[in-house]
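Asker:
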Amino acid sequence: MKQVMKIAAAGAFALGAMTTGAFAAATAQPGETAGLAAGAPLPEGLYFVNTFSWGVIDNPGPDTKLLVDIPLIAWSTPWQLFGGNIQVLAATPLIHADGPFGADAYGFYNPFLAGRIAFDLGGGLGVSYLSGIYFNIGDNDVSVRATTWRQDFAVSYTNDGWNLTANLIWGNTFDTDRAVGGKTSNGFNLDLTATKTFGKWEIGAIGFGSTEYDLPDAQKRSNGGPGKVETFAVGPLIGYNFGPVILQAALTTSIYSKNSGDDTRFWSRIVIPLWSPEKPMAPLVTKY
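Residues -24 to -1, 1 to 264 (mature numbering (1 follows the signal peptide of the UniProt record, and there is no 0)) make up the sequence shown, in order.
1. Any chance the segment 49 to 69 sits against the segment 13 to 27, with 3 or more Cβ pairs inside 8 Å?
2. Per the contact definition of three or more C-beta pairs closer than 8 Å, is the segment 18 to 34 in contact with the segment 42 to 55?
3. Assuming Ile145 and Phe174 are in contact, meaning their beta carbons sit under 8 Å apart, how far apart are those beta carbons, in whole angstroms?
4. Among Ala73, Ala90, Asn86 and Leu42, which one has its Cα closest to the Cα of Ala50?
5. What are the boundary residues of the beta strand (DSSP E) that includes Ile49?
6. Do Ile182 and Leu168 have their C-beta atoms closer together than 9 Å?
7. Could you check if Lys172 is buried or exposed, using at least 16 other CB atoms within 10 Å of its CB as the buried criterion?
8. Is DSSP giving Asp136 helix, strand or coil here?
9. Which residues bound the beta strand (DSSP E) around Ala226?
10. Tell me which residue opens and which closes the beta strand (DSSP E) that Phe184 is part of.
11. Could you pull out every residue in the same chain whose Cβ sits closer than 6 Å to the Cβ of Val103, ignoring the five residues on either side in sequence?
12. Excluding sequence positions up to five away, which residues of its chain have a Cβ less than 6 Å from the Cβ of Tyr232?
13. What do you get for Phe88, buried or exposed, if any count of 16 or more other CB atoms within 10 angstroms of its CB means buried?
14. Considering only residues of the same chain and omitting the five flanking positions on each side of Thr240, which have a CB-CB separation below 7 Å?
15. What are the boundary residues of the beta strand (DSSP E) that Gly91 is part of?
16. Can you give the beta carbon distance from Asp190 to Ser161, rounded, assuming they're within the 8 Å contact cut?
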């Protein structure tokens, strides 16, 4: 179970959207890596990961319903750099946003391409760094109208069936379309995991939050936004290992929100190993 969850950690970046993308705290959906050992290395191979979420945002007046589906391919390469496992990730998310007053949008979100390096520090402790780009393409009704540079800083403890993980996601936008006033905000997401495996079962809890830090409230409101968005949500998670395939499910709800409606969301995730080599990976650069 721990081995397969390490696989999932590299792949399942559920690349969601806010209902007003230009004013989101970050291009990455808050909670997208919750439930995964994002700081751990993983075995060489090719993996398919699909992450799905559906939720209701409790706005004043009519609610907003948001569905996100992310098919993703993760390649854990045969190379190491200074002892770190090198990985390549690519995803093309789909979004369906059912907004208030009949607003309904469906299409491709910003496609994502990233590289990641993960280190095993021993004793079940791992750390990783991810650098990737959300490209400024996709359907205008659901995508963020900017290019975003995303960086992840993760730490995981995975001994004795535990998954204790914190992953800080930093989003910086640029190349913003003039159609949204040439301004998009930057922000941080923090995804947290505390789960334990019992045989084939995994049980625990997840939490995640987000905040913006650069555009003042007044400037955001003058551009049509609600002011700086801050959120935090928690909920239970359960998973089951069917062998080569793992399933996860979670239900989260907001316990804090500022300038955003409370969000209740169902999550599901499937991890399928597609290919693995017979030989162990060889280091690209050996550290002496």
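For every residue, glycine included, the Cβ atom is placed at its ideal position computed from N, Cα and C.
Answerer: Taking the coordinates as given:
1. yes
2. yes
3. In fact, because the Cβ distance is near 29 Å, the residues do not count as touching under 8 Å.
4. Ala90
5. Thr40 to Leu57
6. yes
7. exposed
8. Helix at Asp136.
9. Ile222 to Lys234
10. Trp177 to Glu188
11. Gly15, Phe95 and Val131
12. Phe208
13. Label assigned to Phe88: buried.
14. Result list for Thr240: Gly31, Val32 and Thr229, in chain order.
15. Phe88 to Gly98
16. 6 Å
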